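Residue 989 in this note's numbering sits at position 192 of the sequence shown, with consecutive numbering throughout.
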Amino acid sequence: MTAVLTPPSTSPPTPGRRRSTRAGRAGPVAYTLLVLAGLLSVFPLYWSLVAGSHTNAEIAATPPPFLPNATFFENVSAALEQAPLGLAIVNSVVVAGSITAGTVLFCTLAGFAFAKLRFRGSGPLLALVVGTMMVPTQLAVIPLFMMIAELKWVDSLQAVVLPTLVSAFGVFFMRQYLVTALPDELLEAGRVDGASTHRIFFSIVVPVARPAMAVLAMLTFLTAWNEFFWPIIALTAANPTVQVAIANLGSGYVPQRAVIMAGTLLGTLPVLLVFALLGKQIVGGIMAGAVKG
């Protein structure tokens, strides 16, 4: 009894398989658009480096310079002499980190309560929280400053941190995410096992809400780092955040744009460092929420 060997099939792939293979690959047009988008995103940062490396006359020349030089370090030294940028960066790290941690924790707690817990007045209370987003921030400045003056918190970091530990947007954002992402069956299983509400929150809700918490943390950190209106009222030039310190740079009859751009770039470096170190975790958390197993 002899075995019959059949040659491998040489039939061309079906059109459906060819289409699926092509759909999984990006063409030259997609790569070109991605490169252009990346260059446009990086250009403001690069121009800050170039402008911070020249004088006002060189920046205003035609054509303007397109390459940085060693003058950048002199402009950085001038910026450090005109404003306490080192202290400002430390203050901004403390303020933005505290606000981010408090906002993520409290907004996740409130979002879980509004999404999955049943209590009297939850609907009107949620409407009240969302309605506060329509109130301009400027209306609360005077009573808020009077309050921190009574507490003797003027020119202290808690005056900037405590009023913004919770945001209405964060509560609404976490509530909308948990309504769809957190099945009621998980909560019922936890209650059947005898877990308390606090145990359910930290053992069930937090792992499910981690992608949304990562997004909220990123948005909150950027907002707190770039906040200028309230810190310049509550703080002074002796104990500033980054944005308040940058506002005091290059002062004079003719603003020193190179010094301002050098100080701005120096104040941006911690944010770039955070995203360079934690960017993969942030994107991974966001993508984890987009993939349904």
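Glycine included, each C-beta is placed from N, C-alpha and C at the ideal position.
Bear in mind the structure is a predicted one, so any value in this text is a computation, not a measurement.
Going by Cα to Cα distance, which pick from the options is closest to residue i?
{"i": "Leu959", "options": "Thr929, Leu948 and Phe969", "result": "Leu948"}
{"i": "Ala1021", "options": "Pro933, Gln973, Val957 and Val1003", "result": "Val957"}
{"i": "Met971", "options": "Pro980, Phe942, Gln955 and Phe903", "result": "Phe903"}
{"i": "Leu1013", "options": "Arg917, Leu962 and Asn853", "result": "Leu962"}
{"i": "Ala867", "options": "Val847, Ala880 and Ala946", "result": "Val847"}
{"i": "Leu941", "options": "Ala986, Gly987, Arg988 and Trp1027", "result": "Trp1027"}
{"i": "Thr1033", "options": "Gln1053, Arg915, Leu954 and Val826", "result": "Leu954"}
{"i": "Thr852", "options": "Leu1074, Lys1077 and Gln1053", "result": "Gln1053"}
What does the alpha-carbon distance come out to for the pair residue i and residue j?
{"i": "Ala1031", "j": "Gln935", "result": "13 Å"}
{"i": "Pro1008", "j": "Val968", "result": "15 Å"}
{"i": "Ile1001", "j": "Leu983", "result": "7 Å"}
{"i": "Leu975", "j": "Phe911", "result": "9 Å"}
{"i": "Leu877", "j": "Ala907", "result": "42 Å"}
{"i": "Pro865", "j": "Val1005", "result": "47 Å"}
{"i": "Asn1036", "j": "Lys913", "result": "43 Å"}
{"i": "Ala1011", "j": "Val1051", "result": "43 Å"}
{"i": "Leu842", "j": "Met1058", "result": "10 Å"}
{"i": "Ala992", "j": "Asp981", "result": "15 Å"}
{"i": "Asp990", "j": "Ala924", "result": "34 Å"}
{"i": "Asn1023", "j": "Pro921", "result": "32 Å"}
Considering just the uninterrupted stretch of the alpha helix (DSSP H) at residue i, what are its terminal residues?
{"i": "Thr1020", "result": "Val1003 to Asn1023"}
{"i": "Thr929", "result": "First-last for Thr929: undefined, no H or E at that position."}
{"i": "Asn1036", "result": "Per DSSP, Asn1036 belongs to no alpha helix (DSSP H) and is neither H nor E."}
{"i": "Pro841", "result": "Pro825 to Ala848"}
{"i": "Pro940", "result": "Val938 to Glu947"}
{"i": "Asn738", "result": "The structure shown has nothing for residue 738, since the chain only spans 798 to 1090."}
{"i": "Leu984", "result": "Asp981 to Val989"}
{"i": "Leu882", "result": "Leu882 to Lys913"}
{"i": "Leu975", "result": "Ala965 to Ala978"}
{"i": "Phe998", "result": "Per DSSP, Phe998 belongs to no alpha helix (DSSP H) and is neither H nor E."}
{"i": "Ser874", "result": "Thr868 to Gln879"}
{"i": "Val951", "result": "It is not in any alpha helix (DSSP H) - Val951 carries neither H nor E in the DSSP assignment."}
{"i": "Ala992", "result": "Neither: Ala992 is in no alpha helix (DSSP H) and is coded neither H nor E."}
{"i": "Ala854", "result": "Asn853 to Ala857"}
Just to confirm, are residue i and residue j a CB contact at a threshold of 8 Å?
{"i": "Phe869", "j": "Ser850", "result": "yes"}
{"i": "Ala1055", "j": "Ile856", "result": "yes"}
{"i": "Leu1063", "j": "Val873", "result": "yes"}
{"i": "Phe1018", "j": "Thr897", "result": "yes"}
{"i": "Gly1060", "j": "Leu884", "result": "no"}
{"i": "Ser964", "j": "Thr905", "result": "no"}
{"i": "Phe999", "j": "Phe909", "result": "no"}
{"i": "Phe966", "j": "Met931", "result": "no"}
{"i": "Ile945", "j": "Val951", "result": "yes"}
Measuring only from the beta carbon, is residue i closer than 7 Å to any heavy atom that is part of the ligand PLP?
{"i": "Ile886", "result": "Inclusion of the ligand PLP in the displayed structure is not the case, the ligand content being empty and no account of it being possible."}
Quick test of the definition: if touching needs 3 or more C-beta pairs under 8 Å, does the region 881-890 touch the region 1061-1068?
yes
So, does the region 857-868 touch the region 1031-1041, judging by three or more C-beta pairs under 8 Å?
no
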